[in-house]
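Just below is one structure, and these are the notes that go with it.
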Amino acid sequence: MAPKKKAGKGAKEPEVKKKKGGKKDLSLAYKSMEMPVNEETREFYHIQIRDLEDRLARYQRKWDEMAVQEKLSRQEFEQLANNKKEIVAFLKRTLNQRVDEIADLNEQLQSLQLAKEMEKDAFEAQLAQVRHEFQETKDQLTTENIILGGKLAALEEFRLQKEELMEKFMLMEDQLRKQEGEYKDYVHNLEKKSVLDKDRLRKEIIQRVNMVATEFRKVATSQMWDTTKRAILENNTVTLQLAQISQRGLQLLWENEQLRGTQGKLSQELELLEDSQKVMARHSRGHQKIILMLTEKCREQQQGTAEAERLRLLLSQVEQNLLQLQKDNQALRTQRDQLNLQLERQQAETQRLQQELTKEQKVRVSLETALAQATSFLRDIVQMQPEGEDGDLDTMFQLQRKEMLQHLLVMLSSAMVLSPQLAVSPGQEPQPWGPPEEGQRSNQPLGTGSLLQQLSSITPYQPGDLGLVPRRIHIPPNPEDLRLLSHTTRVGGFRAHSIPQIHTSGSAKKFKKFSLPGISLLSK
Numbered sequence: 001m002a003p004k005k006k007a008g009k010g011a012k013e014p015e016v017k018k019k020k021g022g023k024k025d026l027s028l029a030y031k032s033m034e035m036p037v038n039e040e041t042r043e044f045y046h047i048q049i050r051d052l053e054d055r056l057a058r059y060q061r062k063w064d065e066m067a068v069q070e071k072l073s074r075q076e077f078e079q080l081a082n083n084k085k086e087i088v089a090f091l092k093r094t095l096n097q098r099v100d101e102i103a104d105l106n107e108q109l110q111s112l113q114l115a116k117e118m119e120k121d122a123f124e125a126q127l128a129q130v131r132h133e134f135q136e137t138k139d140q141l142t143t144e145n146i147i148l149g150g151k152l153a154a155l156e157e158f159r160l161q162k163e164e165l166m167e168k169f170m171l172m173e174d175q176l177r178k179q180e181g182e183y184k185d186y187v188h189n190l191e192k193k194s195v196l197d198k199d200r201l202r203k204e205i206i207q208r209v210n211m212v213a214t215e216f217r218k219v220a221t222s223q224m225w226d227t228t229k230r231a232i233l234e235n236n237t238v239t240l241q242l243a244q245i246s247q248r249g250l251q252l253l254w255e256n257e258q259l260r261g262t263q264g265k266l267s268q269e270l271e272l273l274e275d276s277q278k279v280m281a282r283h284s285r286g287h288q289k290i291i292l293m294l295t296e297k298c299r300e301q302q303q304g305t306a307e308a309e310r311l312r313l314l315l316s317q318v319e320q321n322l323l324q325l326q327k328d329n330q331a332l333r334t335q336r337d338q339l340n341l342q343l344e345r346q347q348a349e350t351q352r353l354q355q356e357l358t359k360e361q362k363v364r365v366s367l368e369t370a371l372a373q374a375t376s377f378l379r380d381i382v383q384m385q386p387e388g389e390d391g392d393l394d395t396m397f398q399l400q401r402k403e404m405l406q407h408l409l410v411m412l413s414s415a416m417v418l419s420p421q422l423a424v425s426p427g428q429e430p431q432p433w434g435p436p437e438e439g440q441r442s443n444q445p446l447g448t449g450s451l452l453q454q455l456s457s458i459t460p461y462q463p464g465d466l467g468l469v470p471r472r473i474h475i476p477p478n479p480e481d482l483r484l485l486s487h488t489t490r491v492g493g494f495r496a497h498s499i500p501q502i503h504t505s506g507s508a509k510k511f512k513k514f515s516l517p518g519i520s521l522l523s524k
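In full-length UniProt numbering, the protein residues as written are 1 to 524.
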């Protein structure tokens, strides 16, 4: 007999409660009519109850572990949210600091530009003034150099003339000394000759007088007149010769006076030349002082030129520093833009994570609702008891229980199929169906979105399965396909596929288990 389809859970719950109450009444009515159960069946039930209790304790431990993992995951999520807020605050603070630094750098750049413009104007004015002064000094020095060159040429010419005059003067002095020596020798010779001539003439005169006297005495009588006449003639001749000698001596004296006058003039000229030489020496010293002064001014001008060159180099260095500051400012602006883009991306990521958190919370609420409904439904199923040992009543009980289990399976499968896309995060791939690995459970935090996967990974108990061998990976059933299957196929699919286990945080209770041969039902 095929089970009837239920309109919904709301319509089903009153009917289930009615049946539940009726079953309790029937169980009380037929309690006295229960047949004694054989020892093997009782032992089987005891073993099955112990196994269920063990599994219940194991599932309770798993539920506690999952609760702890969920708490840790929630703490990690809150820690990540706090870290994200701190990172965003740090980035905002860093961005504000960078903006302040950029503003300070802009102010420094503007002040440096103003200082640079002022220094540039001052340096240009100073450089123009220095150039003007340098040009004036250069023109003045050029004029003075030309004048000094002319004076130096005149001095050189004067020096050459002086040397020529000195040479002539030396020659004239030598010639004068020679002439004076010759004149002295000539005068001495003339005086000596005059004295000798006088002595000789006196001697000759005396000798002739004696001879004349002798001859006169000899021929006094006969030749007195001729001798006297001859003596007078000779006396006149000697007198003329003496007059000529005296005239010659006077002439020599006059020439000596002229030479002495010439020597005086030459001495005066020599004194004048010496005075001129002293004056030229004084002028030369003055010109040397002027040359030294001009040399010092030229050196100062060279130093001024070097200082202007140094200022020009300093100005170029300041311009290079300004360019470097502009490059640094541009780099800081680029970095600020990058930080702005990074902040926008992080804000977008924050919004996306907030949306995902909202979706996860919605999924969690829906899953908690589904789990609560499934828990209530399973509790109702577990509390169901057969009304008696009658075959028809037992068959009806089994059919009702199968129908309720089918409804529970369809409800859980619908919740699992409709919410996998919301349960899986965008950056995480969906986990395959089957038992999860221990490493993955320990490394990955358990979030609200992965709770359904954790529940779906728990497979039901099967006879002879102690959990030592890993089970195969099964594909969850599709509710649309289950509706098209028959009752027997649905029950077989229910046994073949895993049913999500629902854990409660309350204390473990002992439940009864009822099953047909080949059907195992798990509950807490």
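Heads up, the beta-carbon is just placed ideally off N, CA and C, and yes, glycines get one too.
- Around the Cβ of A153, are there at least 16 other Cβ atoms within 10 angstroms (buried) or fewer (exposed)? Result: exposed.
Could you round the C-beta distance between A372 and L412 to whole angstroms and report it? I think they count as a contact, below 8 Å. Taking the Cβ atoms as the reference, A372 lies roughly 12 Å from L412, outside the contact range of under 8 Å.
Practice prompt. Assign E163 to one of two classes, buried (16 or more other C-beta atoms within 10 Å of its C-beta) or exposed (fewer than that).
Written response: Only exposed fits E163, as fewer than 16 other CB atoms lie within 10 angstroms of its CB.
Give the straight-line distance between the Cα atoms of C298 and R282, rounded to the nearest whole angstrom. The alpha-carbon of C298 is positioned some 24 Å away from that of R282.
Give the secondary structure of N38 by DSSP, where H, G and I count as helix, E and B as strand, and everything else as coil.
If DSSP states are grouped into helix, strand and coil, N38 belongs with coil.
**Request:** Go ahead and label Y59 buried or exposed: buried means 16 or more other beta carbons lie within 10 angstroms of its beta carbon, across all protein chains shown.
**Result:** By the 10 Å Cβ count, Y59 comes out buried.
Which term fits Q351, buried or exposed, when burial requires 16 or more other beta carbons within 10 angstroms of its beta carbon? Exposed: under 16 other Cβ atoms inside 10 Å.
Self-check item: Candidates N106, V88, V99 and V130, of which the one nearest R312 by Cα
Solution: For R312, the nearest C-alpha among the options comes from V130.
Notebook entry, point to check: How long is the line joining the alpha carbons of I499 and L409, rounded to whole angstroms?
Noted result: Low local confidence applies: a pLDDT of 41 at I499 is under 50, so the model's placement there is unreliable, with the coordinate-based value given in what follows. Across the structure, I499 and L409 are spaced so that their CA atoms are roughly 7 Å apart.
Item to check | Cβ-based neighbour list, E269, same chain, cut-off 8 Å, excluding 5 preceding and 5 following | outcome: Here the set comprises F169.
Item to check | Of the residues D139, D104, L155 and A81, the one placed nearest V279, counting alpha carbons only | outcome: Closest by alpha carbon: L155.
| request: Please classify F90: is it buried, with 16 or more other beta-carbons within 10 angstroms of its beta-carbon, or exposed? | output: With fewer than 16 other CB atoms across the displayed protein chains lying within 10 angstroms of its CB, F90 is exposed.
Pick out whichever of R74, N96 and I206 has its Cα sitting closest to the Cα of R364.
-> The shortest C-alpha separation from R364 is found at R74.
(message) Whole angstroms are fine: how far does the CA of S276 sit from the CA of L148?
(response) So the alpha carbons of these two residues sit roughly 19 Å apart.
request  = Report yes if the CB atom of Q346 is closer than 9 Å to the CB atom of K120, and no otherwise.
outcome  = Against a cut-off of 9 Å, the Cβ pair of K120 and Q346 comes out as no contact.
CB L343 to CB K92, shorter than 9 Å? Yes; because the gap between Cβ atoms is below 9 Å, this pair is in contact.
So is D104 buried or exposed if we call it buried at 16+ other beta carbons inside 10 Å? Looking at its Cβ environment, which holds fewer than 16 other Cβ atoms inside 10 Å, D104 is exposed.
* By how many angstroms is the C-alpha of L72 removed from the C-alpha of T358? -> Rounded to whole angstroms, T358 to L72 spans 19 Å at the Cα level.
Determine the contact status of Q108 and L325, defining contact as a CB-CB distance below 9 Å. Yes, the pair counts as a contact, with Cβ atoms nearer than the cut-off.
ask   = Rounded C-beta distance between Q301 and F134? I'm assuming under 8 Å.
value = Contact check for Q301 and F134: beta-carbon distance about 6 Å, within the 8 Å limit, so the pair qualifies.
Applying the 10 Å Cβ sphere with the 16-neighbour rule, what's the burial state of F377?
Flag for F377 reads buried.
Classification of R61 by the beta-carbon crowding that lies within 10 angstroms, buried from 16 upward:
Exposed is the label assigned to R61, since fewer than 16 other Cβ atoms lie within 10 Å of its Cβ.
Going residue by residue through the region 113 to 191, where are the continuous alpha helix (DSSP H) segments of at least 4 residues, counting only ones entirely within it?
Positions of the alpha helix (DSSP H) runs, each at least 4 residues long and wholly inside the region 113 to 191, cannot be given because no such run exists.
Worksheet item: Hey, I102 and R333: beta-carbon distance below 9 Å or not?
Response: Yes, Cβ-Cβ distance for I102 and R333 is below 9 Å.
Please report the distance separating the alpha-carbon of residue 599 from that of V238. An answer regarding residue 599 cannot be provided, because it is not within the stretch 1 to 524 covered by the chain.
Buried or exposed: where does R50 fall if 16 or more other Cβ atoms within 10 Å of its Cβ makes it buried? Exposed is the call here.
- Query: Excluding five sequence neighbours on each side, which residues of the same chain lie with their C-beta closer than 8 Å to the C-beta of L165?
  - Reply: L273.
Kindly indicate which residue of L294, E86 and D380 has the alpha-carbon position closest to the one of I146. Distance check between I146 and each of L294, E86 and D380 places L294 closest, using alpha-carbon atoms only.
* How close, in whole Å, do the beta carbons of L190 and L252 come, if the pair is a contact with beta carbons under 8 Å? -> Rounded, the Cβ-Cβ distance is 6 Å, consistent with contact.
- Task: For M33, count neighbouring Cβ atoms within 10 angstroms of its own Cβ and tell me buried if that reaches 16, exposed if not.
- Result: Model confidence at M33 stands at a pLDDT of 45, short of 50, so the residue's coordinates are unreliable; what they give is reported in the following sentence. The residue in question, M33, is exposed, as its Cβ has fewer than 16 Cβ neighbours within 10 Å.
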